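Peer 1: Please see the structure below; I have some questions.
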Amino acid sequence: MADDNVRPIWSDAELDTALADLHADPGSDDDLAFVRTSLLAAAGAPPEKEPAARPKSRGSWRWIAVAAAVAALTGGLVVATQVTDREPAVVTPAVPGLDQLRGTDLPVSPGEFRHTTSSMWFRTKGPGGEPAGYLGTLTELWIPADPATPWHLRSKASNDLPGLAVPAPHLNPVPLHSEDQLSGPGGLFPTAGYNLPAGFAGSWNIPTAKFIATLPADADRLRTRLLADRSTTSHSPSPETPNSPALVIRMAYQVLETGLPRGDVRVALWRALSRIDGIVTAPGTRAPDGRTGIGFTARATGETLIADPATAQLIGRTEPPDPTPGTSRPKSGLPASPQQVWLAVSYWYTVTETDH
(Lines of atoms letter the chains of each structure in order from A and count residues from 1; the text may use other names and numbers.)
(Lines give C-alpha, C1' and ligand atoms only; values in the text may rest on other atoms or scores of the structure.)
Protein backbone atom coordinates (compact mmCIF):
# COMPACT_ATOMS: atom_id res chain seq x y z
CA MET A 1 0.00 0.00 0.00
CA ALA A 2 1.36 3.45 -0.91
CA ASP A 3 2.76 5.58 1.88
CA ASP A 4 0.54 8.51 0.97
CA ASN A 5 -2.64 6.53 1.44
CA VAL A 6 -2.67 5.30 5.05
CA ARG A 7 -0.35 6.42 7.84
CA PRO A 8 0.53 5.03 11.30
CA ILE A 9 -2.04 5.80 13.96
CA TRP A 10 -1.98 4.03 17.36
CA SER A 11 -2.05 0.58 18.93
CA ASP A 12 -4.84 -0.95 21.01
CA ALA A 13 -2.72 -0.48 24.14
CA GLU A 14 -2.27 3.21 23.41
CA LEU A 15 -5.99 3.61 22.78
CA ASP A 16 -6.83 1.85 26.05
CA THR A 17 -4.48 4.16 27.95
CA ALA A 18 -6.04 7.24 26.41
CA LEU A 19 -9.57 6.04 27.04
CA ALA A 20 -8.77 5.64 30.74
CA ASP A 21 -8.66 9.43 31.01
CA LEU A 22 -12.26 9.81 29.89
CA HIS A 23 -15.61 8.90 31.40
CA ALA A 24 -15.95 5.24 32.23
CA ASP A 25 -19.75 5.19 32.48
CA PRO A 26 -21.72 5.54 29.24
CA GLY A 27 -24.44 8.13 29.16
CA SER A 28 -26.79 9.04 26.36
CA ASP A 29 -27.38 11.78 23.87
CA ASP A 30 -27.35 12.48 20.18
CA ASP A 31 -23.65 13.23 20.50
CA LEU A 32 -22.88 14.28 16.94
CA ALA A 33 -25.71 16.80 17.05
CA PHE A 34 -24.75 17.82 20.60
CA VAL A 35 -21.21 18.63 19.49
CA ARG A 36 -22.48 20.86 16.70
CA THR A 37 -24.93 22.64 19.02
CA SER A 38 -22.12 23.23 21.50
CA LEU A 39 -19.98 24.78 18.78
CA LEU A 40 -22.78 27.09 17.70
CA ALA A 41 -23.20 28.19 21.30
CA ALA A 42 -19.48 28.83 21.54
CA ALA A 43 -19.76 31.08 18.51
CA GLY A 44 -22.26 33.27 20.33
CA ALA A 45 -25.21 32.24 18.18
CA PRO A 46 -28.44 31.15 19.85
CA PRO A 47 -28.85 27.38 19.33
CA GLU A 48 -31.87 25.94 17.62
CA LYS A 49 -32.54 24.02 20.81
CA GLU A 50 -30.93 24.54 24.16
CA PRO A 51 -28.37 21.75 24.72
CA ALA A 52 -28.58 19.72 27.90
CA ALA A 53 -25.95 20.24 30.55
CA ARG A 54 -22.94 18.02 30.11
CA PRO A 55 -20.73 16.52 32.79
CA LYS A 56 -17.20 17.84 33.01
CA SER A 57 -14.49 15.56 31.79
CA ARG A 58 -12.26 14.07 34.46
CA GLY A 59 -9.34 13.92 32.09
CA SER A 60 -8.09 14.87 28.66
CA TRP A 61 -7.48 12.81 25.56
CA ARG A 62 -3.77 12.45 24.89
CA TRP A 63 -3.89 12.74 21.14
CA ILE A 64 -1.58 10.83 18.87
CA ALA A 65 -1.35 12.64 15.55
CA VAL A 66 -3.49 11.19 12.78
CA ALA A 67 -1.71 11.23 9.44
CA ALA A 68 -4.39 9.51 7.37
CA ALA A 69 -4.56 11.11 3.92
CA VAL A 70 -7.30 13.72 3.57
CA ALA A 71 -8.62 13.10 0.08
CA ALA A 72 -11.77 11.87 -1.60
CA LEU A 73 -12.22 8.15 -2.01
CA THR A 74 -11.66 8.70 -5.71
CA GLY A 75 -8.23 10.08 -4.89
CA GLY A 76 -6.46 6.76 -4.70
CA LEU A 77 -7.25 4.76 -1.58
CA VAL A 78 -6.78 1.16 -2.66
CA VAL A 79 -9.14 -0.21 -0.01
CA ALA A 80 -11.96 1.95 -1.37
CA THR A 81 -11.88 0.20 -4.72
CA GLN A 82 -12.00 -3.40 -3.53
CA VAL A 83 -15.29 -5.15 -4.18
CA THR A 84 -17.11 -6.65 -1.22
CA ASP A 85 -18.36 -10.24 -1.23
CA ARG A 86 -21.68 -9.00 0.17
CA GLU A 87 -23.78 -8.00 -2.82
CA PRO A 88 -27.10 -6.28 -2.14
CA ALA A 89 -29.87 -8.79 -1.69
CA VAL A 90 -32.54 -6.24 -2.55
CA VAL A 91 -34.38 -6.27 -5.88
CA THR A 92 -33.52 -3.05 -7.71
CA PRO A 93 -36.61 -0.85 -8.08
CA ALA A 94 -37.19 1.19 -11.21
CA VAL A 95 -35.70 4.38 -9.76
CA PRO A 96 -33.02 6.33 -11.67
CA GLY A 97 -29.49 5.67 -10.46
CA LEU A 98 -30.19 2.97 -7.90
CA ASP A 99 -28.87 0.22 -10.15
CA GLN A 100 -25.44 1.90 -9.80
CA LEU A 101 -25.21 1.42 -6.03
CA ARG A 102 -22.56 -1.02 -4.83
CA GLY A 103 -22.08 -1.65 -1.13
CA THR A 104 -18.28 -1.70 -1.11
CA ASP A 105 -16.81 -1.92 2.38
CA LEU A 106 -13.43 -0.80 3.65
CA PRO A 107 -11.78 -3.90 5.15
CA VAL A 108 -11.06 -3.38 8.85
CA SER A 109 -8.83 -5.90 10.60
CA PRO A 110 -8.18 -6.36 14.34
CA GLY A 111 -6.16 -3.43 15.61
CA GLU A 112 -7.51 -1.13 12.89
CA PHE A 113 -10.10 1.64 13.07
CA ARG A 114 -12.73 3.13 10.81
CA HIS A 115 -11.80 6.79 10.66
CA THR A 116 -14.49 9.15 9.41
CA THR A 117 -13.98 12.87 8.83
CA SER A 118 -16.94 15.16 8.25
CA SER A 119 -16.50 18.78 7.16
CA MET A 120 -19.49 21.04 7.74
CA TRP A 121 -20.50 24.68 7.34
CA PHE A 122 -23.49 25.85 9.39
CA ARG A 123 -25.15 29.21 8.89
CA THR A 124 -25.50 30.68 12.35
CA LYS A 125 -28.18 33.10 13.50
CA GLY A 126 -27.90 36.48 15.15
CA PRO A 127 -29.61 37.57 18.40
CA GLY A 128 -32.85 38.27 16.56
CA GLY A 129 -32.81 35.03 14.59
CA GLU A 130 -31.51 36.69 11.43
CA PRO A 131 -28.91 34.81 9.32
CA ALA A 132 -25.35 35.47 10.44
CA GLY A 133 -21.94 34.18 9.42
CA TYR A 134 -21.05 30.59 8.68
CA LEU A 135 -19.34 28.46 11.31
CA GLY A 136 -17.17 25.59 10.10
CA THR A 137 -16.71 22.37 12.05
CA LEU A 138 -14.48 19.37 11.49
CA THR A 139 -15.70 16.17 13.13
CA GLU A 140 -13.64 12.99 13.36
CA LEU A 141 -14.96 9.63 14.48
CA TRP A 142 -12.87 6.55 15.23
CA ILE A 143 -14.68 3.20 15.40
CA PRO A 144 -12.51 0.16 16.23
CA ALA A 145 -12.66 -3.12 14.32
CA ASP A 146 -14.81 -4.43 17.17
CA PRO A 147 -17.52 -1.72 17.27
CA ALA A 148 -18.72 -2.88 20.68
CA THR A 149 -15.55 -1.42 22.20
CA PRO A 150 -15.13 2.34 22.81
CA TRP A 151 -15.57 4.80 19.96
CA HIS A 152 -13.98 8.20 20.04
CA LEU A 153 -15.42 11.43 18.67
CA ARG A 154 -13.69 14.80 18.30
CA SER A 155 -15.20 17.96 16.84
CA LYS A 156 -13.78 21.46 16.62
CA ALA A 157 -14.53 24.77 14.97
CA SER A 158 -12.35 25.48 11.96
CA ASN A 159 -12.16 27.61 8.82
CA ASP A 160 -9.89 25.04 7.16
CA LEU A 161 -12.18 22.19 6.15
CA PRO A 162 -11.09 19.35 3.83
CA GLY A 163 -13.06 19.49 0.59
CA LEU A 164 -15.00 22.69 1.26
CA ALA A 165 -14.32 26.27 0.18
CA VAL A 166 -14.75 29.03 2.74
CA PRO A 167 -18.13 30.75 2.30
CA ALA A 168 -18.78 34.38 3.09
CA PRO A 169 -19.48 35.73 5.55
CA HIS A 170 -17.88 33.36 8.03
CA LEU A 171 -16.88 33.66 11.66
CA ASN A 172 -13.25 34.69 11.89
CA PRO A 173 -11.50 33.93 14.10
CA VAL A 174 -13.25 30.74 15.06
CA PRO A 175 -14.49 30.60 18.67
CA LEU A 176 -11.94 29.68 21.30
CA HIS A 177 -12.40 26.62 23.53
CA SER A 178 -14.68 25.10 20.95
CA GLU A 179 -13.43 21.53 20.83
CA ASP A 180 -15.42 18.57 22.12
CA GLN A 181 -13.83 15.20 22.85
CA LEU A 182 -16.09 12.28 23.63
CA SER A 183 -15.64 8.56 24.17
CA GLY A 184 -18.16 5.82 24.71
CA PRO A 185 -18.40 2.02 24.48
CA GLY A 186 -20.18 0.95 21.32
CA GLY A 187 -21.03 4.56 20.44
CA LEU A 188 -23.03 5.30 23.60
CA PHE A 189 -21.17 8.42 24.69
CA PRO A 190 -21.00 9.71 28.29
CA THR A 191 -23.19 12.77 27.89
CA ALA A 192 -26.42 13.79 29.57
CA GLY A 193 -29.63 14.62 27.80
CA TYR A 194 -32.42 12.10 27.53
CA ASN A 195 -34.12 10.04 30.18
CA LEU A 196 -33.45 6.72 28.52
CA PRO A 197 -34.87 3.41 29.68
CA ALA A 198 -32.68 0.82 31.33
CA GLY A 199 -30.87 -1.31 28.80
CA PHE A 200 -31.22 1.31 26.05
CA ALA A 201 -29.40 -0.01 22.98
CA GLY A 202 -29.59 2.94 20.61
CA SER A 203 -31.91 4.57 18.10
CA TRP A 204 -31.83 6.34 14.75
CA ASN A 205 -30.61 9.55 16.39
CA ILE A 206 -28.31 7.76 18.86
CA PRO A 207 -26.87 5.17 16.44
CA THR A 208 -24.90 2.75 18.61
CA ALA A 209 -23.20 -0.43 17.41
CA LYS A 210 -26.05 -2.49 18.87
CA PHE A 211 -28.71 -0.47 17.07
CA ILE A 212 -26.91 -0.50 13.73
CA ALA A 213 -26.50 -4.28 14.02
CA THR A 214 -30.33 -4.60 14.09
CA LEU A 215 -30.80 -2.91 10.72
CA PRO A 216 -31.73 -5.48 8.05
CA ALA A 217 -30.44 -5.57 4.48
CA ASP A 218 -34.06 -5.36 3.31
CA ALA A 219 -35.36 -2.13 1.77
CA ASP A 220 -39.03 -2.78 2.53
CA ARG A 221 -38.39 -3.57 6.20
CA LEU A 222 -36.17 -0.50 6.53
CA ARG A 223 -38.83 1.66 4.89
CA THR A 224 -41.35 0.44 7.45
CA ARG A 225 -38.98 1.21 10.30
CA LEU A 226 -38.07 4.67 8.99
CA LEU A 227 -41.74 5.62 8.82
CA ALA A 228 -42.80 4.03 12.10
CA ASP A 229 -39.84 4.14 14.51
CA ARG A 230 -39.87 6.90 17.09
CA SER A 231 -36.51 8.43 17.95
CA THR A 232 -35.70 9.94 21.32
CA THR A 233 -36.34 13.40 19.83
CA SER A 234 -39.47 12.51 17.83
CA HIS A 235 -42.53 14.65 18.51
CA SER A 236 -45.02 12.96 16.23
CA PRO A 237 -48.63 13.95 17.02
CA SER A 238 -49.58 10.30 17.43
CA PRO A 239 -47.94 6.87 17.19
CA GLU A 240 -50.06 6.15 14.11
CA THR A 241 -48.71 9.18 12.20
CA PRO A 242 -45.85 8.22 9.85
CA ASN A 243 -42.62 10.16 10.13
CA SER A 244 -42.34 12.97 7.60
CA PRO A 245 -39.92 12.65 4.66
CA ALA A 246 -37.72 15.37 6.20
CA LEU A 247 -37.52 13.51 9.51
CA VAL A 248 -36.77 10.27 7.66
CA ILE A 249 -33.88 12.00 5.84
CA ARG A 250 -32.44 13.16 9.18
CA MET A 251 -32.85 9.72 10.75
CA ALA A 252 -31.01 8.05 7.88
CA TYR A 253 -28.31 10.75 7.96
CA GLN A 254 -27.42 10.16 11.59
CA VAL A 255 -26.92 6.44 10.96
CA LEU A 256 -25.10 6.79 7.65
CA GLU A 257 -22.67 9.45 8.89
CA THR A 258 -21.11 6.91 11.26
CA GLY A 259 -19.95 4.84 8.28
CA LEU A 260 -20.61 1.68 10.30
CA PRO A 261 -23.57 -0.02 8.53
CA ARG A 262 -22.48 -2.89 6.27
CA GLY A 263 -22.46 -2.33 2.53
CA ASP A 264 -25.61 -4.36 1.89
CA VAL A 265 -27.43 -2.49 4.66
CA ARG A 266 -26.36 0.87 3.22
CA VAL A 267 -27.66 -0.11 -0.22
CA ALA A 268 -30.96 -1.26 1.30
CA LEU A 269 -31.26 1.97 3.29
CA TRP A 270 -30.84 4.14 0.21
CA ARG A 271 -33.40 2.01 -1.64
CA ALA A 272 -35.77 2.39 1.31
CA LEU A 273 -35.49 6.18 1.07
CA SER A 274 -36.35 6.02 -2.63
CA ARG A 275 -39.59 4.18 -1.79
CA ILE A 276 -40.92 6.85 0.57
CA ASP A 277 -43.46 9.29 -0.83
CA GLY A 278 -42.09 12.81 -0.71
CA ILE A 279 -38.43 11.84 -1.26
CA VAL A 280 -37.01 12.55 -4.74
CA THR A 281 -34.09 10.51 -6.12
CA ALA A 282 -31.73 12.18 -8.60
CA PRO A 283 -28.54 10.68 -10.07
CA GLY A 284 -25.76 13.08 -10.96
CA THR A 285 -26.23 15.23 -7.83
CA ARG A 286 -23.09 17.17 -6.90
CA ALA A 287 -21.88 17.13 -3.32
CA PRO A 288 -20.51 20.38 -1.84
CA ASP A 289 -16.92 19.26 -2.59
CA GLY A 290 -17.66 18.51 -6.25
CA ARG A 291 -18.01 14.73 -6.08
CA THR A 292 -21.02 13.36 -7.93
CA GLY A 293 -23.47 10.89 -6.48
CA ILE A 294 -27.14 10.01 -6.15
CA GLY A 295 -29.23 12.62 -4.37
CA PHE A 296 -32.15 11.83 -2.06
CA THR A 297 -34.17 14.98 -1.36
CA ALA A 298 -37.14 15.63 0.94
CA ARG A 299 -39.41 17.43 -1.52
CA ALA A 300 -41.07 19.67 1.06
CA THR A 301 -37.88 20.99 2.67
CA GLY A 302 -35.10 20.47 0.13
CA GLU A 303 -32.86 18.60 2.59
CA THR A 304 -30.63 16.32 0.52
CA LEU A 305 -28.37 13.35 1.23
CA ILE A 306 -25.88 12.26 -1.44
CA ALA A 307 -24.75 8.66 -1.87
CA ASP A 308 -21.51 7.49 -3.50
CA PRO A 309 -22.57 4.90 -6.12
CA ALA A 310 -19.27 2.98 -5.80
CA THR A 311 -19.51 2.40 -2.03
CA ALA A 312 -23.08 3.38 -1.00
CA GLN A 313 -21.45 5.59 1.63
CA LEU A 314 -22.83 9.02 2.46
CA ILE A 315 -20.62 11.67 0.82
CA GLY A 316 -22.60 14.85 1.38
CA ARG A 317 -25.58 16.66 2.81
CA THR A 318 -27.11 20.01 1.88
CA GLU A 319 -29.98 22.04 3.27
CA PRO A 320 -31.38 25.17 1.61
CA PRO A 321 -32.31 28.33 3.52
CA ASP A 322 -35.79 28.92 4.87
CA PRO A 323 -38.03 30.61 2.32
CA THR A 324 -38.71 34.31 2.51
CA PRO A 325 -42.34 35.36 3.05
CA GLY A 326 -44.43 34.81 -0.05
CA THR A 327 -42.02 32.33 -1.65
CA SER A 328 -41.72 28.58 -1.66
CA ARG A 329 -38.70 26.61 -0.58
CA PRO A 330 -36.56 24.90 -3.23
CA LYS A 331 -37.63 21.30 -3.66
CA SER A 332 -35.20 19.17 -5.65
CA GLY A 333 -32.13 19.32 -7.84
CA LEU A 334 -30.51 21.73 -5.40
CA PRO A 335 -27.07 23.13 -6.27
CA ALA A 336 -24.43 22.88 -3.55
CA SER A 337 -23.55 26.50 -2.80
CA PRO A 338 -22.73 28.72 0.18
CA GLN A 339 -26.29 30.04 -0.01
CA GLN A 340 -27.43 26.95 1.84
CA VAL A 341 -27.63 26.74 5.61
CA TRP A 342 -25.84 23.39 5.81
CA LEU A 343 -23.07 21.96 3.64
CA ALA A 344 -21.39 18.74 4.74
CA VAL A 345 -19.04 16.21 3.17
CA SER A 346 -17.66 12.95 4.57
CA TYR A 347 -14.54 10.89 3.86
CA TRP A 348 -13.84 7.35 5.00
CA TYR A 349 -10.53 5.62 5.81
CA THR A 350 -9.06 2.59 7.47
CA VAL A 351 -6.21 3.59 9.78
CA THR A 352 -3.76 1.09 11.19
CA GLU A 353 -1.01 0.81 13.76
CA THR A 354 1.61 0.31 11.08
CA ASP A 355 1.68 0.77 7.33
CA HIS A 356 3.72 -1.79 5.37
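Residues in the sequence shown are numbered consecutively from 11, following this note's numbering. Backbone N, C-alpha and C define an ideal beta-carbon position, used for all residues, glycine too. Quantities reported herein were computed from a predicted structural model and do not represent experimental measurements.
1) Drop a sphere of 10 angstroms on the beta-carbon of Asn182, count the other beta-carbons inside from all chains shown, and report buried for 16 or more, exposed for fewer.
2) Give me the residue from Ile325, Pro157, Glu150 and Leu174 with the minimum Cα distance to Arg164.
3) I need the straight-line Cα distance from Gln221 to Ala142, nearest angstrom please.
4) Report back the beta-carbon spacing between Trp9 and Ala317 to the nearest angstrom; my notes put them in contact at under 8 Å.
5) Where does Ser284 sit, in a helix, a strand or coil, going by DSSP?
6) What separation, rounded to the nearest whole angstrom, lies between the Cα atoms of Leu315 and Pro120?
7) Tell me whether Thr234 sits in a helix, a strand or coil according to DSSP, three-state version.
8) Could you work out which residue in Val176, Pro330 and Pro331 is closest to Ser129 when comparing CA atoms only?
9) Please determine, among Thr127, Leu108, Ala167 and Pro117, the residue with the shortest C-alpha to C-alpha distance to Leu266.
10) Quick one: what's got a C-beta closer than 6 Å to Ala229's C-beta in the same chain, skipping five residues either side?
11) Run the CB neighbour count on Asp299, radius 10 Å, all protein chains shown included, and call it buried at 16 or more, exposed below.
12) Within 10 angstroms of its Cβ, does Pro137 collect 16 or more other Cβ (buried), or is it exposed?
13) With His125 and Trp152 assumed to form a contact (beta carbons below 8 Å), what rounded beta-carbon distance in angstroms separates them?
14) Mind the definition here: the region 294 to 311 touches the region 320 to 334 only if three or more C-beta pairs lie below 8 Å; say whether that holds.
15) Using DSSP with H/G/I as helix, E/B as strand and the rest coil, what is Phe132?
16) Look at the alpha carbon of Ala238 and the alpha carbon of Pro319, and state the distance between them as a whole number of angstroms.
17) Could you give the C-beta distance for Thr114 and Thr302, rounded to a whole number, given that I count them as a contact under 8 Å?
18) Whole angstroms are fine: how far does the CA of Thr234 sit from the CA of Glu250?
19) With DSSP as the reference, label Leu353 as helix, strand or coil.
20) Which residues in the same chain as Ala297 place their Cβ atom closer than 7 Å to its Cβ, once the five residues preceding and following it in sequence are excluded?
21) Between the C-alpha atoms of Ala219 and Arg231, what's the straight-line distance to the nearest angstrom?
22) Please report the straight-line C-alpha distance between Leu174 and Tyr144, rounded to a whole angstrom.
23) Bridge partners of Gln191, per DSSP?
24) Quick check: does the Cβ of Arg235 come within less than 6 Å of any heavy atom belonging to the ligand NAP?
25) Is it buried or exposed for Thr268, if we count other Cβ within 10 angstroms and need 16 for buried?
26) Can you tell me where the alpha helix (DSSP H) holding Arg4 begins and where it ends?
Peer 2: Let me spell this out:
1) exposed
2) Glu150
3) With the sequence shown as reference, residue 221 is identified as Phe, and Gln is not the correct amino acid for it. About 37 Å.
4) Missing from the structure shown is residue 9; the chain here goes from 11 to 366 and no further.
5) helix
6) 31 Å
7) helix
8) Val176
9) Thr127
10) Val100, Ala278, Arg281 and Ala282
11) buried
12) exposed
13) 6 Å
14) yes
15) strand
16) 27 Å
17) Going by Cβ atoms, the distance from Thr114 to Thr302 rounds to 17 Å, so no, they are not a contact pair.
18) 12 Å
19) strand
20) Gly303, Ile316, Ile325, Gly326, Ala346 and Val355
21) 19 Å
22) 12 Å
23) Arg164
24) The ligand NAP is not part of this structure, which contains no ligands at all.
25) buried
26) Absent from the model: residue 4. The displayed extent of the chain is 11 to 366, so no value can be given.
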